[in-house]
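Here is the structure we will look at, set down as structure tokens.
Numbering (the working numbering), first residue to last: 4 to 149.
What follows is the structure in structure tokens.
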């Protein structure tokens with residue numbers, strides 16, 4: 004197994020080839036996971052003692068098939084596409100809240116107008132009832148006087 008060990012903080016990089024199957028068995032477990040560098044053996048122990056190595060590429064060799072490597076998906080990387088998607092998400096959220104405010108404001112205005120219309124209608128009906136009752140009482144009084 005070939006191991007390319009790098010330290011992004013210092014920029015140091017080392018390429019190690021380990022032949023013993025037992026030594027690199029810890030690196031088979033998962034991609035983009037951290038493993039102790041002590042498993043690399045004596046060649047790595049001096050340089051990488053008490054270090055933690057992140058596995059970034061795994062070679063898969065199967066019988067009667069071509070050898071291929073498998074790399075993990077890059078997770079939580081801040082790329083321009085991610086930033087653009089974040090801006091879009093925030094813009095959509097703002098747009099949605101703005102729309103909801105407008106809808107709430109319109110509903111409030113509509114309720115106010117409906118209330119005014121209802122009061123106006125009640126006023127007119129009560130006025131009509133009063134006038135009709137006055138006319139009826141006036142006509143009764145005319146009949147009673149005749």
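All residues carry an ideal CB built from backbone N, CA and C; glycine is no exception. In this text, all values refer to a predicted model and were calculated from it rather than measured experimentally.
Residue i (DSSP reduced to helix, strand or coil)
i, result
"residue 47", "With a pLDDT of 42 at residue 47, under the threshold of 50, the predicted position of this residue should be treated as unreliable, and no value is reported."
"residue 63", "strand"
"residue 72", "strand"
"residue 35", "Unreliable placement is indicated for residue 35, whose pLDDT of 47 sits below 50; the coordinate value is still reported in the next sentence. Three-state DSSP puts residue 35 in coil, outside helix and strand."
"residue 140", "helix"
"residue 80", "coil"
Beta-carbon spacing of residue i, residue j below 8 Å
i, j, result
"residue 80", "residue 72", "no"
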